Amino acid sequence: MVVLTYQLSILQIQLAVINSSNAVGVKDVPAKEFIEAFAKHLKKGNKSKIPDTACFKELAPYDPDWLYIRAASIAYQLFMRGKVGLSALRTHYGGKQRWGSSPPHQRQCGGKIIRYCLKRLEDQGLVGQVKYQSEDGTEQTAGKTLTDKGQTDMNRIAGQLIKDKRKLKK
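Per the numbering used here, the very first residue in the sequence shown carries number 607; after that it's consecutive.
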């Protein structure tokens, strides 16, 4: 019993040391705040042309920065999930299609905007392809993932958000 109690107290001390460290990551910040801050970061460094939206949409997006918010959201999904393919992102950003009196069904969103955002993130060096060797020896791709530069940029912006919050509290 004494040995078990001693080990538990050491574990609690180690956990207290880990929790008191100043290391801040993306998971420590609320998603909405992080996505808005990362969208501002992407907009500041990116001078790309915004593509047209889908032809079946009746209204244009209300927010003029909608593309940067979507790109930041895609980067956030890549950070949280690890490697993700286009199909999984299309399902994530999809929605319900209403059929009148019939029950609605889940539909995938279009892939053009997601491909465009992934391409821009790749051009900035934040996202890369996941490659692996198949059984027959050929190199295959299996979705996208964040690069080391992308992870450090996202963690740096999350750290800045936490510092700004702490300054406001004082």
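Backbone N, C-alpha and C fix where the C-beta goes; we use that ideal spot for every residue, glycine too. Model, not experiment: these values are computed from the prediction.
By the 10 Å Cβ neighbour count, where 16 or more other Cβ atoms means buried, how is residue i classified, buried or exposed?
i	result
Y674	buried
S740	exposed
K750	buried
R704	exposed
L665	exposed
S707	exposed
Check whether the Cβ atoms of residue i and residue j sit closer than 9 Å, and answer yes or no.
i	j	result
G651	N761	no
F685	G756	yes
A694	R687	yes
K689	V635	no
H647	I763	yes
Pick from the options: whose alpha carbon is nearest that of residue i?
i	options	result
G716	R687, G749 and G701	G701
T758	A637, P636 and F644	F644
Y682	E639, K776, V736 and K775	E639
C723	I656, V635 and K769	I656
R713	P670, T697, D742 and D770	T697
G679	A637, G734, K771 and P667	Here the sequence assigns Ser to residue 679, which means Gly is not the residue at that position. Comparing Cα positions, the closest option is A637.
Would you tell me roughly how many angstroms separate the C-alpha atoms of residue i and residue j, rounded to the nearest one?
i	j	result
L732	T753	5 Å
K775	Y738	47 Å
K649	L727	12 Å
L692	K769	34 Å
P670	D742	47 Å
E642	W672	10 Å
L821	Q730	Residue 821 is absent from the structure shown; the chain starts at 607 and stops at 776.
E745	R721	21 Å
K633	P709	36 Å
T747	R772	42 Å
G734	Y699	21 Å
Let me know the secondary structure DSSP gives residue i once reduced to three states.
i	result
A677	helix
L752	strand
V632	helix
L767	helix
Y722	helix
Y738	strand
Q757	helix
K655	coil
Q683	helix
Distance cutoff 9 Å, beta carbons only. Does residue i sit that close to anything in chain D?
i	result
S693	In the structure shown, chain D cannot be found, because there is only a single protein chain.
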